[in-house]
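Inspection log for the structure reproduced underneath, given as structure tokens.
Residue numbers (the numbering used here), protein chains in the order written: chain U, 24 to 342; chain X, 314 to 548.
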């Protein structure tokens, strides 16, 4: 659906985006993650055609942004970091304007009404945008992106400045939108991306540093693959029994943690999942398993690890 | 283009700026027509009304154009325009036309005193319409320059002062031409002069070269503004 190839953006001598490539399939929700100034917004601005790339190409639905800019723009609904609202218009006037601007073909009144109900702004429909609260402004911004029902939605930090209740509402909304849209959203808030996205692309200093499914990204990127198991039984026998398992590389005893219960660190091959085998083994010998956890990095650890390289150089770019 | 034009035009009248500009020009037109009445002959209309209004219009136009491109950059609303399926030229044309319609409204209101006069007298409509068309043409050219200048900055004040400076320069450029001794340079300056082109119309004549000149100025500056908008994508 969206294909980005070797995207590079220079601001003078400053490299904001450096050789970023990825492909996003239709109907997925992808999170752009990175610290402030990492190049998330710049990348999004290039995909939407607001900025042009210094090098590289963006293709949406097989159409290149340079060859058919207007065709590509029709396919994308964009909520920039700061919602592009005209403060001197009412919500109704503004959405009518956007409808005309995007040359939408849906029946006007019904289409706008549906969107207003979806993002819950129907109660402020007749009010001046300048008088709305930050949360409502953000929602009008999302409504604006939805007009014309574009298949691709690009949302730049959609929940910034909202209160916790609104954040949950907007997240639910984005998840629902993800059922029939391709959604790209950016955030520097990890739990948000974790809660909403199926896939995460981590950008730091303009470079793509990680890309993978939300559930497995942390596991795949962890350097070591160890399990900590706590079980009740004779220490030495348990150790030998576990070492004898096919997929296990090494087992270390970590000592007695509870009366009669011992902890072991079980190291496995990277691609192997040994948890079922371990459980079966313990059941066979009648050693109750009291705890089993893996030591994969949490996304939080991973994020810090990926982005803790020198960020001083990343000045411009996140606007 | 249509959507942008309508939005821009509406924004002039959701703030006082559109009303103020139109009110000032309409009041001045009324005042100078009153002077004509005082002189007692409609032959004074070109010299008393339109010659003075040339200068006043030049002063009001910067106010009309100052916010056309600056606001979008400042409020980041250019993001919705530039990511919508419309070309940059359509964006600029929409904004240019909105400014022009405000000026057109004011100038057309300026015809009202002449209409009132014609109920009890017979002013020379050929002359009046010639002046009116001339006003619209140099106004349009000046507006295109104003829109271009407003695209160079995010500050309304700088846009207004810049456009104001250019309009003052254009008002006095023929004086400049007469004081230049070099014939070629003088001819060039003379050729640029808006008031020379405009004066043809004040005599009640319709001049095709002047029409082409003013339309070309509009086209060039709309084009330059569009390029300016486009160039920001690459910076």
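Even for Gly, the Cβ is constructed at its ideal location relative to N, Cα and C.
Under the rule that 16 or more other beta-carbon atoms within 10 Å means buried, what is residue i, buried or exposed?
| i | result |
| --- | --- |
| residue 520 (chain X) | buried |
| residue 336 (chain U) | Here residue 336 (chain U) scores only 39 on pLDDT, less than 50, and its place in the model should not be relied on; the value that follows carries that caveat. Its Cβ having fewer than 16 others within 10 Å, residue 336 (chain U) is exposed. |
| residue 368 (chain X) | exposed |
| residue 310 (chain U) | buried |
| residue 342 (chain U) | For residue 342 (chain U), the predicted model reports a pLDDT of 40, less than 50, meaning its position is unreliable; a value from the coordinates is still stated below. With fewer than 16 other Cβ atoms within 10 Å, it is exposed. |
| residue 326 (chain X) | exposed |
| residue 338 (chain U) | Because the pLDDT of residue 338 (chain U) is 39, which lies under 50, any placement of that residue in the model is unreliable, and the question is left without a value. |
| residue 293 (chain U) | exposed |
| residue 351 (chain X) | exposed |
| residue 390 (chain X) | buried |
| residue 498 (chain X) | exposed |
| residue 239 (chain U) | exposed |
| residue 353 (chain X) | exposed |
| residue 512 (chain X) | buried |
| residue 333 (chain U) | Per-residue confidence for residue 333 (chain U) stands at a pLDDT of 45, beneath the threshold of 50, marking its modelled position as unreliable; no derived number is given. |
| residue 269 (chain U) | exposed |
| residue 82 (chain U) | buried |
| residue 190 (chain U) | buried |
| residue 207 (chain U) | buried |
| residue 324 (chain U) | exposed |
| residue 470 (chain X) | exposed |
| residue 501 (chain X) | exposed |
Closer than 8 Å by beta-carbon distance: list the chain U residues that pair up with residue i, in chain order.
| i | result |
| --- | --- |
| residue 315 (chain X) | 123 |
| residue 437 (chain X) | Ordered by position in chain U, no residue passes the 8 Å Cβ test against residue 437 (chain X), which lies about 43 Å from the chain. |
| residue 541 (chain X) | The contacting residues do not exist; residue 541 (chain X) stays about 15 Å from chain U at best. |
From the DSSP output, which residues share a beta bridge with residue i?
| i | result |
| --- | --- |
| residue 178 (chain U) | U:102 and U:208 |
| residue 86 (chain U) | U:83 |
| residue 288 (chain U) | U:251 and U:275 |
| residue 52 (chain U) | U:206 |
| residue 315 (chain X) | According to DSSP, which records beta bridges pairwise, residue 315 (chain X) is partnered with nothing at all. |
| residue 230 (chain U) | U:227 |
| residue 317 (chain U) | U:250 |
| residue 31 (chain U) | U:78 |
| residue 121 (chain U) | Answer is none; residue 121 (chain U) lacks a bridge partner. |
| residue 235 (chain U) | U:223 |
| residue 38 (chain U) | U:33 |
| residue 26 (chain U) | U:46 and U:82 |
| residue 330 (chain U) | According to DSSP, which records beta bridges pairwise, residue 330 (chain U) is partnered with nothing at all. |
| residue 312 (chain U) | U:254 |
| residue 113 (chain U) | U:151 |
Listing by chain order, which chain X residues have their CB less than 7 Å from the CB of residue i?
| i | result |
| --- | --- |
| residue 343 (chain U) | In the structure displayed, chain U extends from 24 to 342; residue 343 (chain U) sits before or after that span and is not available. |
| residue 140 (chain U) | Those do not exist, as residue 140 (chain U) stays about 22 Å from chain X at its closest Cβ, beyond 7 Å. |
| residue 120 (chain U) | 316 and 320 |
| residue 148 (chain U) | None at all; the shortest Cβ gap to chain X is about 17 Å. |
| residue 96 (chain U) | 396, 397 and 398 |
Can you name the residues of chain X whose CB is closer than 9 Å to the CB of residue i?
| i | result |
| --- | --- |
| residue 72 (chain U) | 395, 396 and 546 |
| residue 167 (chain U) | 393 |
Mind pulling the chain U residues with CB within less than 7 Å of residue i?
| i | result |
| --- | --- |
| residue 399 (chain X) | 124 |
| residue 327 (chain X) | 111 |
Under 9 Å between beta-carbons, which chain U residues line up against residue i? List them in chain order, please.
| i | result |
| --- | --- |
| residue 324 (chain X) | 109, 111 and 112 |
Mind listing the chain X neighbours of residue i? Cutoff is C-beta to C-beta under 8 Å, in chain order.
| i | result |
| --- | --- |
| residue 161 (chain U) | Under the 8 Å cutoff, chain X gives no residues; its nearest Cβ is about 14 Å from residue 161 (chain U). |
| residue 75 (chain U) | 546 and 547 |
| residue 93 (chain U) | 398, 399 and 400 |
Can you find a heavy atom of the ligand ATP that lies under 7 Å from the Cβ of residue i?
| i | result |
| --- | --- |
| residue 38 (chain U) | Only the bare structure without any ligand can be found here, which leaves the ligand ATP out of the picture. |
4-residue-minimum alpha helix (DSSP H) runs that sit fully inside the stretch 369 to 424 of chain X, ordered along the chain:
If one requires a minimum length of 4 residues, the alpha helix (DSSP H) runs lying completely within the stretch 369 to 424 of chain X are 383 to 387, 391 to 395 and 401 to 422, in chain order.
At 4 residues or longer, and completely inside the stretch 445 to 526 of chain X: list those alpha helix (DSSP H) runs for me, N to C.
Counting only runs of 4 or more, we get 469 to 492, 496 to 505 and 507 to 515.
What are the start and end residues of each continuous alpha helix (DSSP H) run of 4 or more residues lying completely inside the stretch 240 to 280 of chain U, in chain order?
As far as the stretch 240 to 280 of chain U is concerned, its whole alpha helix (DSSP H) runs of at least 4 residues are 258 to 266.
Is the stretch 453 to 469 of chain X close to the stretch 420 to 434 of chain X, with three or more CB pairs under 8 Å?
The stretch 453 to 469 of chain X makes no contact with the stretch 420 to 434 of chain X: fewer than 3 CB pairs, one atom from each, lie closer than 8 Å.
Are the stretch 26 to 35 of chain U and the stretch 129 to 141 of chain U in contact at 8 Å, needing three or more beta carbon pairs?
The stretch 26 to 35 of chain U is not in contact with the stretch 129 to 141 of chain U.
Decide yes or no for the touch test of the stretch 525 to 533 of chain X against the stretch 56 to 75 of chain U: beta carbon pairs closer than 8 Å, at least 3 of them.
By the Cβ test, the stretch 525 to 533 of chain X is not in contact with the stretch 56 to 75 of chain U, since fewer than three Cβ pairs between them sit closer than 8 Å.
Can you confirm whether the stretch 161 to 175 of chain U touches the stretch 203 to 221 of chain U when touching is taken to mean that 3 or more C-beta pairs between the two stretches lie within less than 8 Å?
Using a C-beta cut-off of 8 Å, the stretch 203 to 221 of chain U makes contact with the stretch 161 to 175 of chain U, since at least three inter-stretch Cβ pairs fall below that distance.
Does the count of Cβ pairs from the stretch 369 to 378 of chain X and the stretch 472 to 481 of chain X closer than 8 Å reach three?
Touching, per the Cβ criterion.
Three or more C-beta pairs closer than 8 Å, one from the stretch 149 to 162 of chain U and one from the stretch 104 to 112 of chain U: is that the case here?
Verdict: yes, contact present.
Report yes or no: do the stretch 42 to 59 of chain U and the stretch 354 to 370 of chain X share at least 3 C-beta pairs separated by less than 8 Å?
Here the stretch 42 to 59 of chain U makes no contact with the stretch 354 to 370 of chain X; the two share fewer than three CB pairs at distances below 8 Å.
Considering only residues of the stretch 126 to 179 of chain U, which uninterrupted alpha helix (DSSP H) runs meet the minimum length of 4 residues and lie entirely inside it, listed in chain order?
You should have 131 to 141 and 157 to 169.
Taking 8 Å as the cut-off, does the stretch 71 to 81 of chain U touch the stretch 113 to 128 of chain U (at least 3 CB pairs, one atom from each stretch)?
Touching, no, given that fewer than three Cβ pairs across the two stretches are closer than 8 Å.
When the Cβ atoms of the stretch 275 to 290 of chain U are set against those of the stretch 251 to 259 of chain U, are three or more pairs found closer than 8 Å?
Yes, since at least three Cβ pairs between the stretch 275 to 290 of chain U and the stretch 251 to 259 of chain U fall closer than 8 Å, the two stretches touch.
Pairing CB atoms from the stretch 538 to 548 of chain X with CB atoms from the stretch 388 to 402 of chain X, are three or more of them under 8 Å?
Output reads yes: the stretch 388 to 402 of chain X touches the stretch 538 to 548 of chain X.
Counting pairs of beta carbons, one from the stretch 156 to 172 of chain U and one from the stretch 49 to 58 of chain U, are three or more of them closer than 8 Å?
No: fewer than three Cβ pairs fall under 8 Å.
Please determine if the stretch 333 to 348 of chain X and the stretch 432 to 449 of chain X are in contact, where contact requires at least 3 C-beta pairs separated by less than 8 Å.
Taking a cut-off of 8 Å for Cβ pairs, the stretch 333 to 348 of chain X and the stretch 432 to 449 of chain X do not touch, as fewer than three such pairs fall below it.
Between the stretch 298 to 313 of chain U and the stretch 86 to 106 of chain U, can you find at least three pairs of beta-carbon atoms closer than 8 Å?
Counting Cβ pairs under 8 Å, fewer than three are found: no touch.
Counting pairs of beta carbons, one from the stretch 210 to 217 of chain U and one from the stretch 91 to 108 of chain U, are three or more of them closer than 8 Å?
A contact is defined here as three or more CB-CB pairs under 8 Å, and the stretch 210 to 217 of chain U fails this definition with respect to the stretch 91 to 108 of chain U.
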